[in-house]
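Asker:
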Amino acid sequence: MSAVCAFRLSAIDAVFDHGRFTASAKPGQLSTPKFLASHERPGKCQPADARRTASPDFSSVRNPLMWESVHSEGHRPLIVDGPGRAEIISVAVLPLVPAVREGQKHDVLFLGRMDGHVMKLVRTQQHGSNQSSTLVETVRVLSTAVTSLQVALSQQALLVVGEESVARLPVEHCSMQQTCSMCVRLRDPHCAWDVDVRRCVHRRWVIHCTCCFTHSK
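Taken in order, the sequence shown gives residues 904 to 1120; the numbers are from the numbering used here.
1) Counting C-beta neighbours from all protein chains within 10 Å, is the total for residue 987 16 or more, i.e. buried, or is it exposed?
2) Between residue 1060 and residue 926, what straight-line distance do the alpha-carbon atoms span, to the nearest angstrom?
3) Give the straight-line distance between the Cα atoms of residue 1040 and residue 1092, rounded to the nearest whole angstrom.
4) Can you find at least 3 beta carbon pairs, one from the stretch 1049-1068 and one from the stretch 990-1001, that sit closer than 8 Å?
5) Just to confirm my understanding: we take residue 1043, look at its own chain, exclude 5 residues before and 5 after, and list those with CB closer than 7 Å. What are they?
6) With a threshold of 8 Å between beta-carbons, can residue 1085 be considered close to chain D, or not?
7) Counting only the same chain and skipping the five closest in sequence on each side, list residues whose C-beta sits under 7 Å from that of residue 1076.
8) Assign residue 1081 to one of two classes, buried (16 or more other C-beta atoms within 10 Å of its C-beta) or exposed (fewer than that).
9) Buried or exposed: residue 985, going by 16 or more other Cβ atoms within 10 Å of its Cβ?
10) Give me the Cα-Cα distance between residue 971 and residue 919, rounded to the nearest whole angstrom.
11) In terms of residue numbering, what span does the alpha helix (DSSP H) encompassing residue 919 cover?
12) DSSP on residue 953, reduced to helix/strand/coil?
13) Starting from residue 1104, trace the beta strand (DSSP E) both ways and give me its first and last residue.
14) Taking DSSP as the reference, what is the three-state secondary structure of residue 1093?
15) Please work out which residues of its chain come closer than 7 Å, Cβ to Cβ, to residue 1129, disregarding the five sequence neighbours upstream and downstream, and give them in chain order.
16) Which term fits residue 978, buried or exposed, when burial requires 16 or more other beta carbons within 10 angstroms of its beta carbon?
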């Protein structure tokens, strides 16, 4: 079973820069929260004082464990895959992809699995507790584990690296959707229905897409 979560850097900084540490006066003793001043926190130079190395504060610096946890966005995973599914072992993010509806942008995640599949996930709601995501597609790309993913933005392509091979595929498969409703139901910010040619295409090629607004409400 695998899960993917999103975190804000500001939330991580708040906990590690200003949060309390887990500390105990003696090994095996019940841990308690301990606050350290900014100059005593991990990453800061400490004086070479033998008496100081035996103090609980120094133990917290040497073996830092935060008392508070860093909560993910929305306090829940973007996706939980499993049980019985191959593990997700690689992630690539294409941030702030413009949607057809003016002013909307979505983060797009590509997730590589142990069984060679690549999943495309879209964060459809990115703020507050109402955060949600949509699994757009799952595609079998390699016969071995997907060990690395990289987005080639200028080519609108995804580079998929495995143990024995490398593959390149487009970031979208809009043309596989045969009708307007199928195109919109996909909820892929890369895709839009072009009413002039009556095809589901990459949104950058669309001039008129009235159908998209009608069906996305």
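For every residue, glycine included, the Cβ atom is placed at its ideal position computed from N, Cα and C.
Just so it is clear, the structure is predicted and the values come from calculations on it, not from any experiment.
Answerer: Let me spell this out:
1) Around the beta carbon of residue 987, a 10 Å sphere encloses fewer than 16 other beta carbons of the protein chains shown; the residue is thus reported as exposed.
2) One C-alpha to the other measures close to 48 Å.
3) A direct Cα-Cα distance of roughly 13 Å separates residue 1040 from residue 1092.
4) With a cut-off of 8 Å, the stretch 990-1001 and the stretch 1049-1068 count as touching, because enough Cβ pairs lie within range.
5) Cβ contact annotation for residue 1043 (same chain, cutoff 7 Å, sequence separation greater than five): 1019 and 1020, in chain order.
6) Absent here is chain D; the protein component of the structure consists of one chain.
7) Excluding sequence neighbours, residue 1076 sits near 1040.
8) With fewer than 16 Cβ atoms within 10 Å of its Cβ, residue 1081 is classed as exposed.
9) Residue 985 comes out exposed.
10) C-alpha separation (whole angstroms): 9 Å.
11) Residues 912-921.
12) Reliability fails at residue 953, whose pLDDT of 47 lies under 50, so the model's placement of it is uncertain and no value is given.
13) Taken as a continuous stretch (DSSP letters only), the beta strand (DSSP E) holding residue 1104 covers 1102-1105.
14) Coil at residue 1093, not helix or strand.
15) Only positions 904 to 1120 of the chain appear in the structure, and residue 1129 is not among them; the question remains open.
16) So residue 978 counts as exposed.
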